[in-house]
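Chemist:
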Amino acid sequence: MLFDIATIVFNALTWAMATFLVASGLTLIFGVLHILNFSHGGFLMLGAYLLFSVTQVIGDDLSFAGYLAVSVGAGIVIAAAGLIVDLVVFRRLRNVESAYVLIATYALLLLVEGLVKGIWGAGNHLVVPPEILIGAVFVGPVLLPYYSLFVIVCGVLAFIGLEWFLFHTTPGKLVQAVAIDPWMSSLLSVNVERVYSLTIVIGFALAGLAGGLLAANQGLSPQLGGISIIQAFGAIIVGGMGSIRGAFYAAILLGLIDAFGTALFPAFPGIFFYVALAGMILVRPKGLISSEFAR
Amino acid sequence: MNRLGSPRLSQFVAILAGALLIGATLPLYANAGIVFLAGLVAIDIVIALAFNFLFATVGVLSFGQAGFILVGAYAAGVAIKFSGVSILPTLILAGVASAFVAMVIGLVALRRVSGVYFAVLTLAFASLGFVAVSKSEFLGREDGLTGITRPDLELGIAAISLTESVHFYYFVLAVCAVLIAVMWYSTSSQFGRTLKAIKQDADRSAFLGINVQGFRVAAFVLAGAVTGMAGALLGPLTQIVTPDLGYWTQSTKPILYAMLGGSGFFWGPAVGAVLFAVLSYATRTLVGMTEVITGGLLLVVVLAIPGGVLGVFQSIARLVRRRSAR
Chain A
1 MLFDIATIVF NALTWAMATF LVASGLTLIF GVLHILNFSH GGFLMLGAYL LFSVTQVIGD
61 DLSFAGYLAV SVGAGIVIAA AGLIVDLVVF RRLRNVESAY VLIATYALLL LVEGLVKGIW
121 GAGNHLVVPP EILIGAVFVG PVLLPYYSLF VIVCGVLAFI GLEWFLFHTT PGKLVQAVAI
181 DPWMSSLLSV NVERVYSLTI VIGFALAGLA GGLLAANQGL SPQLGGISII QAFGAIIVGG
241 MGSIRGAFYA AILLGLIDAF GTALFPAFPG IFFYVALAGM ILVRPKGLIS SEFAR
Chain B
296 MNRLGSPRLS QFVAILAGAL LIGATLPLYA NAGIVFLAGL VAIDIVIALA FNFLFATVGV
356 LSFGQAGFIL VGAYAAGVAI KFSGVSILPT LILAGVASAF VAMVIGLVAL RRVSGVYFAV
416 LTLAFASLGF VAVSKSEFLG REDGLTGITR PDLELGIAAI SLTESVHFYY FVLAVCAVLI
476 AVMWYSTSSQ FGRTLKAIKQ DADRSAFLGI NVQGFRVAAF VLAGAVTGMA GALLGPLTQI
536 VTPDLGYWTQ STKPILYAML GGSGFFWGPA VGAVLFAVLS YATRTLVGMT EVITGGLLLV
596 VVLAIPGGVL GVFQSIARLV RRRSAR
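The listed protein sequences derive, respectively, from chains A and B.
So that you can map any letter, position 127 of the first sequence is 127 in the numbering used here, and since no number is skipped, the others follow by simple counting.
So that you can map any letter, position 159 of the second sequence is 454 in the numbering used here, and since no number is skipped, the others follow by simple counting.
Here it is as structure tokens:
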């Protein structure tokens with residue numbers, strides 16, 4: 001029984017960190033630009049497909065370092081795409097009603113989905129993880145797959161890295177300042193547009209990086225973008241839109257609720273995520289941490 | 296200036312009659328496949344009009360309209376499969392069921408959250424419905440309810456069989472026309488004007504003694520019921536009801552139609568739905584092209600022509616009029 005619980009918690013944490021990797025860039029962009037970016041999942045998927053294509057070209061027996069390097073490369077490519085998206089789309093919609101911006105990002109998601117279907121086909125693809133991540137280790141009687149451990153480590157590192165960036169570096173503090181009051185920041189000679197672009201580049205880079213890191217976590221299909229965005233939406237809403245820390249805790253909370261719910265009611269897998277989500281929004285509509293930046 | 300407005304009664308009747316005429320003569324020269332698609336488009340038009348009623352008239356962005364399609368379609372599917380009632384009570388049952396769901400969501404959610412938060416909340420509720428239905432043994436899990444028949448239309452004195460595809464197509468047209476009329480009346484009556492006032496300025500409306508929350512919930516319930524009744528037609532039309540009807544991409548279709556046609560116009564969503572149907576029919580053999588075209592179009596519309604297709608037409612018409620007046 002106790003070991004079952006340990007397994008459930010471990011699986012919940014794996015899910016939570018994978019979700020946080022998706023949600024982190026999403027919530028950063030929302031916190032600063034107030035754009036809820038539907039296309040985030042699409043660009044994550046694009047990152048994963050890029051990694052897949054690289055493994056097709058240079059062979060799928062990547063070393064661990066090679067896998068990481070290709071993931072970072074995917075992050076850089078997607079960051080460049082983010083810069084273009086900012087110039088062509090977001091910049092032109094700065095002063096437009098938020099509903100229209102939401103719809104524009106949904107259009108971007110559709111575009112990316114169509115692109116992926118056109119280039120890689122509508123079928124499924126599989127990425128083989130580097131050899132060192134295949135297999136599992138027993139801790140007592142609990143089986144811990146190496147890849148799951150890798151995902152958890154990546155999630156925690158992303159969290160620590162973002163927190164450090166936002167609270168302990170100058171550009172991070174500028175990002176916070178612009179998030180809290182763009183007008184006041186501009187009076188203090190902060191280049192607000194540049195901070196916006198920086199935020200978008202970081203957010204998109206996180207999407208591409210997450211896409212690469214998680215590529216071997218599940219099969220690749222053009223539906224990946226839509227699926228991952230819904231889960232990440234859940235985490236950032238429960239956590240409080242715009243709060244990195246909130247998204248981190250919320251992903252863990254939702255992961256645990258869903259994993260234990262599914263263990264107790266195996267006939268309804270996946271439903272407790274939505275029940276918890278709906279319940280949390282009704283109890284705390286503004287999320288666990290209402291706004292990290294405005295503390 | 297007719298941007299927020301809806302067409303006058305005579306104009307509305309003329310357009311609806313024209314559209315019905317085209318729809319009704321379609322089986323005379325088009326093949327059965329096209330007629331079937333036309334039935335789906337008619338249902339899509341109603342769903343998109345209901346979405347745009349919320350978006351453009353009330354100012355509420357819902358990303359979960361598929362939830363109401365799902366409720367309506369399954370309510371009708373269960374009624375037909377297990378009770379064998381005729382079609383009109385089935386539709387009414389579907390309308391009541393989705394109105395009830397809309398009321399619950401409206402009462403608990405519209406009060407607490409607004410804007411983007413409400414959009415995502417509706418998305419979450421619709422996804423909950425989708426997952427719940429696709430795990431339910433009684434509702435056939437992922438496979439849905441199959442073999443849904445087309446019940447007779449009982450009119451008191453006579454019963455008309457709708458088993459024939461063409462007959463059911465005419466029935467779909469008739470129901471959609473009625474629902475479109477309901478949406479038009481709700482937009483242009485005093486009720487609709489009150490909603491527009493609330494959208495313009497909720498605080499001032501409240502000062503004038505308007506029950507802002509009450510009107511918002513009422514509009515949400517009305518849109519939910521209309522969407523549910525339109526969804527109820529899908530089961531008998533396609534003879535199957537699957538959870539996919541409630542998948543979140545279904546919720547975004549009406550948004551696309553409204554934006555494409557022009558959400559500031561009553562008929563905008565209808566124009567968008569027809570245009571989209573033609574486009575996806577023309578590109579159906581190209582993998583991924585439908586998404587690229589719809590995504591690209593939607594992006595262009597939001598960025599460059601926020602008034603949609605009808606907005607462009609209006610600008611051209613105005614330009615021509617100014618030229619001729621000179």
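Glycine included, each C-beta is placed from N, C-alpha and C at the ideal position.
Tell me whether L224/A sits in a helix, a strand or coil according to DSSP, three-state version.
Modeler: Here the question's residue 224/A lines up with position 224 in the first sequence. Three-state DSSP puts L224/A in a helix.
Chemist: DSSP puts I535/B in a beta bridge; with which residues?
Modeler: Translated into the one-based positions of the second sequence, residue 535/B becomes position 240. I535/B is bridged to T441/B.
Chemist: Could you compute how far the alpha carbon of I58/A sits from the alpha carbon of V85/A?
Modeler: For the purposes of this step, residue 58/A is taken as the residue at position 58 of the first sequence. For the purposes of this step, residue 85/A is taken as the residue at position 85 of the first sequence. C-alpha separation (whole angstroms): 30 angstroms.
Chemist: Taking I103/A as the reference, give the member of L356/B, F395/B, A421/B with the closest Cα.
Modeler: In the first sequence, the residue the question calls residue 103/A occupies position 103. Among L356/B, F395/B, A421/B, the Cα nearest to that of I103/A is on L356/B.
Chemist: Could you spell out where the alpha helix (DSSP H) holding L109/A opens and where it closes?
Modeler: Start at 1 with the first residue of the first sequence, and residue 109/A comes out as number 109. It spans 98-120 - the alpha helix (DSSP H) in which L109/A sits, taken as one unbroken run.
Chemist: Kindly say whether W479/B, judged by its beta-carbon, lies nearer than 8 angstroms to any beta-carbon of chain A.
Modeler: As a first step, residue 479/B is located in the second sequence; it is residue number 184 there, counting from the start. So, not an interface residue.
Chemist: Spell out whether any CB of chain A is found under 8 angstroms from the CB atom of R298/B.
Modeler: Here the question's residue 298/B lines up with position 3 in the second sequence. A caution first: R298/B carries a pLDDT of 44, below 50, which makes its placement in the model too unreliable to give a value.
Chemist: Please list the partners that R92/A has in chain B, where partner means a Cβ-to-Cβ separation under 7 angstroms.
Modeler: Taking the first sequence and counting its residues from 1, one reaches residue 92/A at position 92. The answer, in chain order, is L598.
Chemist: Of all the CB atoms in chain A, is at least one closer than 8 angstroms to the CB of Y412/B?
Modeler: Numbered from its first residue, the second sequence carries residue 412/B at position 117. Closer than 8 angstroms to some Cβ of chain A, the Cβ of Y412/B qualifies, so yes.
Chemist: Specify the secondary structure class of I35/A as computed by DSSP and reduced to three states.
Modeler: Residue numbering aside, residue 35/A sits at position 35 when the first sequence is read from its first letter. Here I35/A sits in coil by DSSP.
Chemist: For the beta strand (DSSP E) that contains F138/A, what are its first and last residues?
Modeler: For the purposes of this step, residue 138/A is taken as the residue at position 138 of the first sequence. First-last of the beta strand (DSSP E) with F138/A: 136-139.
Chemist: Just to make sure I have the definition right: I need the residues of chain A whose C-beta is within less than 8 angstroms of the C-beta of T544/B. Which are they?
Modeler: Locating residue 544/B in the second sequence gives position 249, counting from the first residue. Within chain A, the residues near T544/B are G226.
Chemist: What three-state label does DSSP hand A454/B in the structure shown?
Modeler: On the second sequence, position 159 is the one that residue 454/B refers to. It is a strand residue.
Chemist: Give a yes or no on whether the minimum CB-CB distance between E292/A and chain B is below 8 angstroms.
Modeler: Locating residue 292/A in the first sequence gives position 292, where the first residue counts as 1. A caution first: E292/A carries a pLDDT of 48, below 50, which makes its placement in the model unreliable, though a value can still be read off. No, no contact with chain B.
Chemist: Taking P538/B as the reference, give the member of K430/B, G451/B, Y464/B, R406/B with the closest Cα.
Modeler: Counting from one through the second sequence, the residue named residue 538/B turns up at place 243. Closest by alpha carbon: K430/B.
Chemist: Give the residues of chain A in contact with A427/B, contact being defined as C-beta atoms less than 7 angstroms apart.
Modeler: Taking the second sequence and counting its residues from 1, one reaches residue 427/B at position 132. Simply I271.
Chemist: How many Å lie between V569/B and Y106/A at the Cα?
Modeler: Start at 1 with the first residue of the second sequence, and residue 569/B comes out as number 274. Start at 1 with the first residue of the first sequence, and residue 106/A comes out as number 106. The straight-line gap from Cα to Cα measures roughly 21 angstroms.
Chemist: Consider the Cβ of R407/B: report whether some Cβ of chain A lies at a distance smaller than 8 angstroms.
Modeler: Within the second sequence, the letter at position 112 stands for residue 407/B. Taking Cβ atoms only, chain A reaches closer than 8 angstroms to R407/B, which makes this a yes.
Chemist: Tell me whether the beta-carbon of F90/A lies closer than 8 angstroms to the beta-carbon of L33/A.
Modeler: Taking the first sequence and counting its residues from 1, the one referred to as residue 90/A is at position 90. Taking the first sequence and counting its residues from 1, the one referred to as residue 33/A is at position 33. Yes. Within cutoff.
Chemist: Do A251/A and A23/A count as a contact pair if the criterion is CB distance below 8 angstroms?
Modeler: In the first sequence, residue 23/A corresponds to position 23, counting from 1. In the first sequence, residue 251/A corresponds to position 251, counting from 1. For A23/A and A251/A, yes; Cβs fall inside 8 angstroms.
Chemist: Spatial neighbours of A419/B within its chain, please: CB distance less than 8 angstroms, with the 5 preceding and 5 following residues excluded, ordered by chain position.
Modeler: Indexing the second sequence from 1 puts residue 419/B at position 124. Excluding residues within five positions, the ones whose Cβ falls inside 8 angstroms are G359.
Chemist: Using the beta-carbon of each residue, which ones in chain A are nearer than 8 angstroms to L356/B?
Modeler: Your numbering for residue 356/B matches position 61 in the second sequence. Under the 8 angstroms cutoff, chain A gives A99, L102.
Chemist: Show which residues of chain B have a CB atom less than 9 angstroms away from the CB atom of F268/A.
Modeler: The residue you call residue 268/A lines up with position 268 of the first sequence. The contacting residues are V426, A427, K430, S431.
Chemist: Compare the Cα-Cα distances from G239/A to each of I5/A, L28/A, I8/A and report the closest residue.
Modeler: Taking the first sequence and counting its residues from 1, the one referred to as residue 239/A is at position 239. If we check each option's Cα against that of G239/A, L28/A comes out closest.
Chemist: Could you confirm whether any beta carbon from chain B is found closer than 8 angstroms to the beta carbon of V54/A?
Modeler: On the first sequence, residue 54/A is found 54 positions in, with the first residue counted as 1. By this cut-off, V54/A is not an interface position.
Chemist: Just the C-alpha distance for L13/A and V521/B, rounded to the nearest angstrom, thanks.
Modeler: Taking the first residue of the first sequence as 1, we reach residue 13/A at position 13. Taking the first residue of the second sequence as 1, we reach residue 521/B at position 226. Whole-angstrom Cα-Cα distance: 42 angstroms.
Chemist: Rounded to the nearest angstrom, what separates L529/B and F363/B at their Cα positions?
Modeler: Start at 1 with the first residue of the second sequence, and residue 529/B comes out as number 234. Start at 1 with the first residue of the second sequence, and residue 363/B comes out as number 68. Their Cα atoms are separated by approximately 12 angstroms.
Chemist: Throw me the rounded Cβ distance for the P130/A and L62/A pair, which I believe falls under 8 angstroms.
Modeler: Taking the first residue of the first sequence as 1, we reach residue 130/A at position 130. Taking the first residue of the first sequence as 1, we reach residue 62/A at position 62. Correct: roughly 5 angstroms between the Cβ atoms.
Chemist: In this structure, how does DSSP classify V380/B when only helix, strand and coil are distinguished?
Modeler: Position 85 of the second sequence, counted from the first residue, corresponds to residue 380/B. The answer is coil: DSSP assigns V380/B none of H, G, I, E or B.
Chemist: Check E163/A in the structure and name its three-state DSSP category.
Modeler: Position 163 of the first sequence, counted from the start, is the residue given in the question as residue 163/A. E163/A falls in the helix class under three-state DSSP.
Chemist: With burial defined as no fewer than 16 other Cβ atoms inside 10 Å of the residue's Cβ, what is the status of A389/B: buried or exposed?
Modeler: Position 94 of the second sequence holds residue 389/B. Classification of A389/B: buried, given that the 10 Å Cβ count is 16 or more.
Chemist: What are the residues that DSSP puts in a beta bridge with E449/B?
Modeler: The sequence position of residue 449/B within the second sequence is 154, counting from 1. E449/B is bridged to A454/B.
Chemist: Check whether the Cβ atoms of V516/B and A404/B sit closer than 8 angstroms, and answer yes or no.
Modeler: Here the question's residue 516/B lines up with position 221 in the second sequence. Here the question's residue 404/B lines up with position 109 in the second sequence. Not a contact, by the Cβ cut-off of 8 angstroms.
Chemist: Just to confirm the assignment, what range does the beta strand (DSSP E) spanning V142/A have?
Modeler: Against the first sequence, residue 142/A aligns to sequence position 142. Segment 142-145, the beta strand (DSSP E) holding V142/A.
Chemist: Who are the neighbours of V275/A on chain B, taking C-beta pairs under 8 angstroms?
Modeler: As a working note, residue 275/A is residue 275 in the first sequence. Within 8 angstroms Cβ-Cβ: L423.
Chemist: Keeping to the same chain, check which residues put their C-beta closer than 7 angstroms to that of K286/A; ignore five residues upstream and five downstream.
Modeler: As a working mapping, residue 286/A is identified with position 286 in the first sequence. Correct list, in chain order: G240.
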